[in-house]
């Protein structure tokens with residue numbers, strides 16, 4: 007059993023007992039004015055000097071879809087969805103989160119408020135309107151915090167896939183969350199041997215390759231590792247707190263656009279009962295689609311179905 011699998015096993019046991027843990031979510035900071043100081047062919051520079059790498063595919067006059075990726079990946083993780091939708095006439099845009107992929111690796115600001123403000127910078131700099139925001143895992147938190155901080159004035163629809171909201175961490179007022187020991191274990195494993203951790207996660211629970219009879223793809227494992235290692239060590243370390251200890255419940259209540267929630271019922275990373283099912287209850291008029299037997303990384307393992315569900319949702323009036 008690898009390090010990550012052992013950590014998740016501990017979590018399963020811990021969820022059945024009272025750990026007596028408590029944590030208090032910090033009051034979200036007020037959003038700063040969103041401006042960029044520069045834009046080049048593939049980069050946007052934020053007001054605090056962070057260079058964000060982005061992809062802008064498809065017809066420039068097509069309906070706009072933005073993609074926010076998961077931890078510790080980058081925009082490459084969305085290529086199956088992006089090329090599919092671009093071929094159906096959509097303008098698809100994805101950026102590498104600060105500290106991830108080809109974007110800058112700032113020492114500070116590796117938190118959900120900055121992630122949301124960076125998404126706002128991309129949207130405002132490219133002057134995007136009627137956008138469908140799509141987020142996977144940590145990226146779903148980025149989408150939620152964007153709406154919480156910046157509203158839906160430029161947003162038409164939203165999609166949360168295998169996403170971390172409403173709140174992953176077990177606290178006094180979130181008793182069904184995961185104990186902090188789970189995330190401390192991930193932090194410890196990252197500090198001890200990040201390269202090995204980034205092999206263990208995709209080769210085990212992320213794609214469900216640890217399940218009996220699973221068809222393992224070494225290519226997916228290698229691609230996951232390469233994307234993760236491209237990110238900054240401190241940035242991806244700090245991001246563990248961003249995705250686990252950020253409370254998105256107030257953000258979800260601010261959603262006022264059609265929202266699709268997609269989640270696999272065998273997600274071993276972000277269990278559906280504490281995430282997708284709860285988000286669908288908190289978001290007004292959200293629609294939940296459950297993929298039976300699907301793992302966390304279903305944008306790859308179930309990409310054809312995800313692509314079709316996205317297209318159908320986008321085409322709905």
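Residue numbers (this note's numbering): 7 to 323.
For every residue, glycine included, the Cβ atom is placed at its ideal position computed from N, Cα and C.
Here the structure is a predicted model, which is why all the values come from computation and not from measurement.
Tell me the DSSP bridge mates of residue i?
{"i": "residue 269", "result": "296"}
{"i": "residue 139", "result": "72, 164"}
{"i": "residue 177", "result": "180"}
Label residue i either buried or exposed according to how many other C-beta atoms from any shown protein chain fall within 10 Å of its C-beta, with 16 as the threshold for buried.
{"i": "residue 197", "result": "exposed"}
{"i": "residue 113", "result": "exposed"}
{"i": "residue 70", "result": "buried"}
{"i": "residue 117", "result": "buried"}
{"i": "residue 4", "result": "Limits of the chain in this structure are 7 at one end and 323 at the other, which puts residue 4 out of reach."}
{"i": "residue 97", "result": "buried"}
{"i": "residue 286", "result": "buried"}
{"i": "residue 93", "result": "exposed"}
{"i": "residue 270", "result": "buried"}
{"i": "residue 24", "result": "With a pLDDT of 39 at residue 24, under the threshold of 50, the modelled position of this residue cannot be trusted; read the value that follows with caution. Exposed: under 16 other Cβ atoms inside 10 Å."}
{"i": "residue 151", "result": "buried"}
{"i": "residue 322", "result": "exposed"}
Measuring alpha carbon to alpha carbon, tell me which residue in the options is nearest residue i.
{"i": "residue 127", "options": "190, 144, 57", "result": "57"}
{"i": "residue 251", "options": "313, 141, 262, 179", "result": "179"}
{"i": "residue 59", "options": "209, 79, 291, 48", "result": "48"}
{"i": "residue 201", "options": "239, 165, 320", "result": "239"}
{"i": "residue 121", "options": "134, 181, 52", "result": "52"}
{"i": "residue 140", "options": "263, 225, 253", "result": "263"}
Return the first residue and the last residue of the alpha helix (DSSP H) that residue i is part of.
{"i": "residue 274", "result": "No alpha helix (DSSP H) contains residue 274, which DSSP labels as neither H nor E."}
{"i": "residue 249", "result": "239-250"}
{"i": "residue 127", "result": "118-131"}
{"i": "residue 325", "result": "Residue 325 falls outside the range modelled here, since the chain spans only 7 to 323, and no answer is possible."}
{"i": "residue 319", "result": "309-321"}
{"i": "residue 200", "result": "186-209"}
{"i": "residue 79", "result": "Careful: residue 79 lies outside any alpha helix (DSSP H) and carries neither H nor E."}
{"i": "residue 282", "result": "282-288"}
{"i": "residue 67", "result": "Run containing residue 67: none; DSSP gives neither H nor E here."}
{"i": "residue 108", "result": "Note, residue 108: premise wrong, no alpha helix (DSSP H); not H, not E."}
{"i": "residue 258", "result": "255-258"}
Could you pull the start and end residues of the beta strand (DSSP E) that residue i belongs to?
{"i": "residue 97", "result": "97-101"}
{"i": "residue 61", "result": "57-63"}
{"i": "residue 50", "result": "49-52"}
Please check if any C-beta of chain C sits within less than 9 angstroms of the C-beta of residue i.
{"i": "residue 161", "result": "This model lacks chain C altogether, as it is built from one protein chain only."}
- Query: Considering only residues of the region 211-239, which uninterrupted alpha helix (DSSP H) runs meet the minimum length of 4 residues and lie entirely inside it, listed in chain order?
  - Reply: 224-236
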